[in-house]
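I have placed the structure first, in the form of C-alpha cells, so that the comments after it can refer back to it.
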Amino acid sequence: MADFRMFNVVILGIGFMLIFTAFTTCGNIEQTVIKSLSNSTFQGSGYNSLAIIYGVFSASNLIAPSVVASIGPRLSMIFSGLLYSGYIAVLIIPATWSFYLTSVLIGVGAAVLWTAQGNFLVLNSDANTINRNTGLFWALLQCSMLFGNLYIYLDWNGITAVTDTDRRTLFIVLLVLSLLGTMSFVVLRKTGGREEPLNEEDDSLLPACVAYKERAVSAVRGLTTEFMTMLKLFGTKTILLLSFCMAYSGLELAFYSGVYGTCIGATTQFGAAAKGLIGLSGILVGIGEIVGGGLFGLLCKNNRFRRTSVVFLGMVVHFIAFYLIFLNIPDDAPVVLETGTRSKSYLTPSVSIALLCSFLLGLGDSCFNTQLYSILGCLYAEESAPVFAIFKFIQSICAAAAFLYSNYLLLSWQLLVMVIFGFTGTLCFFLVEKMNDLLLGLPEY
172 MADFRMFNVV ILGIGFMLIF TAFTTCGNIE QTVIKSLSNS TFQGSGYNSL AIIYGVFSAS
232 NLIAPSVVAS IGPRLSMIFS GLLYSGYIAV LIIPATWSFY LTSVLIGVGA AVLWTAQGNF
292 LVLNSDANTI NRNTGLFWAL LQCSMLFGNL YIYLDWNGIT AVTDTDRRTL FIVLLVLSLL
352 GTMSFVVLRK TGGREEPLNE EDDSLLPACV AYKERAVSAV RGLTTEFMTM LKLFGTKTIL
412 LLSFCMAYSG LELAFYSGVY GTCIGATTQF GAAAKGLIGL SGILVGIGEI VGGGLFGLLC
472 KNNRFRRTSV VFLGMVVHFI AFYLIFLNIP DDAPVVLETG TRSKSYLTPS VSIALLCSFL
532 LGLGDSCFNT QLYSILGCLY AEESAPVFAI FKFIQSICAA AAFLYSNYLL LSWQLLVMVI
592 FGFTGTLCFF LVEKMNDLLL GLPEY
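Residues in the sequence shown are numbered from 172 upward in steps of one, following our numbering.
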C-alpha cells in the first residue's frame, strides 16, 4: 500500500514538473516572443493573456471542487493537462482569437488541476507521510523553474531577435513536455479503499441514478457551505489585515514570472546575450525559490518569532532587489513596443546585478509564501479549505491586475506599487501576529 502511494506521489510530482516546465517557460518569454512576431495580423499581448488566466483562475476556484468530485482527481488532472497543452500549442501558429480563448480555458483548467492535485495528494498520504509527500511534490515542482529556462538560455544566447523558426522549435518542445506530463497522469493508480461505491446494486439503473443525484446535491450543498464560510472569513479583522500581504504576493508573482524577464530581454545594452538572459533569469528565480523554501519552509520551526523575522527578511530582500532593478533596467523596458529599448538606466546595465535581482526575487517570494501558508494553517486549522481559497482568490486577482497594468505603467511606477503593498502587507502581518500573541497570552519578542 505504502509503495504504490509513494509511486503515485512521485508520478504526480513528475507530471506537474513537466507541465509547469512548459507553462512557466512560456509565461516567462511569451511577451518577448510576441514582440518578435513577423505576423502583422496578430494583436495579442502576453500580459493580457496572463491577466485573463489569473482572473479566470480565481473565479473558477468556486466550481473546481464540484468538477473534481464529479469525475475524480485523475481524470480532472488529465483534462486540465490537455488545456495547458492547447495553450502552448497555439503559439506554434499564433492567432489572436485562439490565443485569448485558450487563455480563458487554461484559467479554468488551472483551478481544476490544483484542486485535483490537493485532493489526490491527501488521498495518497496519511498523518505520518503528508509532510514528506508535500515536500517531495514541492521539490519536483520547483525543478520546473530550471529546465525550460536552461533551454532558453542555451538556445537563445547570442540572438538579437526571436525568429519564427526559433519560436516554432521552442513551443514544439514545450508542447511535447506538457503532453508527456499529462500522459503521466494516466499511469496513476487508484487509492484502494478510499472511494465510496456509487451504489450497491450494479445491475439496477435506478439506484445508480439516485446515487448520482444525491452526490450532485451533496456537492452543491458543500460548495454553498464553503462559499458562505469564505464570505464570513472575508469580514474578519485577521483576514482583512492578511489580505494586504496576500495581495502583495500576487503583485510580485506577476512581476517575477512575466514582467522582469521581459524587461531583461528588452534591454539592448545587454547586447546579443539579452534574449538568452531571460532563461538564466528564470533559473536564478527558481534557485531562489528552492533555497528559500528549504530554509524557511522545512528547516525553520513554526513559531511566531521566526515567522515575523522571515517575512521582514523577505521585505528587505525584495526592496533591495527593487532598488537595484530601478537603477539597472531602463524605465520603459516593460512597455516598449519594439523588441528592445534604447533608453538609458541610472547605471550602465549589468548582467551580474540583473541576475542577482532574479535570485533575490525568488528568495523573497519564498519568504512571504511559506509564512503565509504557515500562519493561515495555524490560525485556521479547522477552516483550511475556505481560507486557502481566499488566499488563492486574492493572490490571483492581484496578479491579474498586475499583468494588466504592466501594459501601461513604466517600470518605476510598477516598483513603487509593489513597495507600497510590500510595506503595508508586512506591517499587517506583524499586527496579526501581535493580535494572536495577545489572544494566547504569549510573551512578545
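Where is the CB? At the ideal position from N, CA and C, for every residue including glycine.
Taken atom to atom, the span from the alpha-carbon of G463 to that of G485 is near 10 angstroms. Between G429 and A193, the C-beta gap is not smaller than 9 angstroms, which leaves the two residues out of contact.
With fewer than 16 neighbouring CB atoms inside 10 Å of its own CB, Q214 falls in the exposed class. Annotation for D335: S209 place their beta carbon closer than 7 angstroms to its own, counting only its chain and skipping 5 residues before and after. Residue state for T334 is assigned as coil, using DSSP reduced to three classes. Shown here for T400: same chain residues with a beta carbon closer than 8 angstroms to its own, the five before and five after excluded, namely E554 and P557 in chain order. Scanning its chain for C-beta atoms nearer than 6 angstroms, with the 5 sequence neighbours on each side dropped, one finds around F539 the residues S420 and G485, in chain order. T438 is bridged by DSSP to T512. For M589 against F493, the beta-carbon gap comes to about 6 angstroms, under 8 angstroms, which counts as contact. When C-alpha distances from L284 are compared across G243, A260, A266 and L272, the shortest belongs to G243. If you draw a straight line from the Cα of L411 to the Cα of V180, it is about 35 angstroms long.
Between A504 and L582, the gap from beta carbon to beta carbon is short of 9 angstroms.
Residue environment: L422 is assigned as buried (16 or more neighbouring CB atoms within 10 Å of its CB, all protein chains considered). Rounded to whole angstroms, the gap between the alpha carbons of I200 and C314 is 18 angstroms.
It is roughly 31 angstroms from the alpha-carbon of L543 to the alpha-carbon of D502.
Secondary structure of A266 (DSSP, three-state): coil. DSSP assignment within the region 226-251 yields the following whole alpha helix (DSSP H) runs of 4 residues or more, N-terminal first: 235-242. Sixteen is the threshold: when 16 or more other Cβ atoms of the shown chains lie within 10 Å of the Cβ of D536, as they do, the residue is buried.
Taking the C-beta atoms as reference points, I277 is found nearer than 9 angstroms to I224. With distances taken between CA atoms, Q288 lies nearest to M248 out of S349, M248 and L348. By the 16-neighbour rule on beta-carbons within 10 angstroms, Y324 is buried. Judged by DSSP in its simplified three-state form, Q202 adopts helix. For the region 254-326, the full-length alpha helix (DSSP H) segments reaching 4 residues or more read 267-294 and 301-313 along the chain. Counting along the chain, L455 sits inside the alpha helix (DSSP H) bounded by residues A445 to G463. Three or more Cβ pairs drawn from the region 217-231 and the region 563-581 lie within less than 8 angstroms of each other, which places the two stretches in contact. Straight through space, the alpha carbons of K403 and G511 are spaced by roughly 48 angstroms. Ranked by how close their Cα comes to the Cα of K515, the residues T203, N499 and V522 have N499 in first place. With respect to the 9 angstroms criterion, V344 and Y322 are classified as neighbours on the basis of their beta carbons. Considering only D608, V333 and G432, the residue with the shortest C-alpha distance to G457 is G432. Contact annotation: L448 and L532 have beta-carbon atoms that are not nearer than 9 angstroms. With contacts defined by Cβ atoms closer than 9 angstroms, V506 and V333 do not form a contacting pair. For S420, the uninterrupted alpha helix (DSSP H) segment begins and ends at K408 to A425. Under the rule that a run must span 4 or more residues, the alpha helix (DSSP H) segments found entirely inside the region 523-591 read 555-576.
A Cβ-Cβ separation of about 6 angstroms places V227 in contact with V279 under the 8 angstroms criterion. In this structure, DSSP gives S428 a helical state, which the three-state scheme calls helix. Taking a C-beta distance under 9 angstroms as the contact criterion, G329 and T196 do not qualify as a contact pair.
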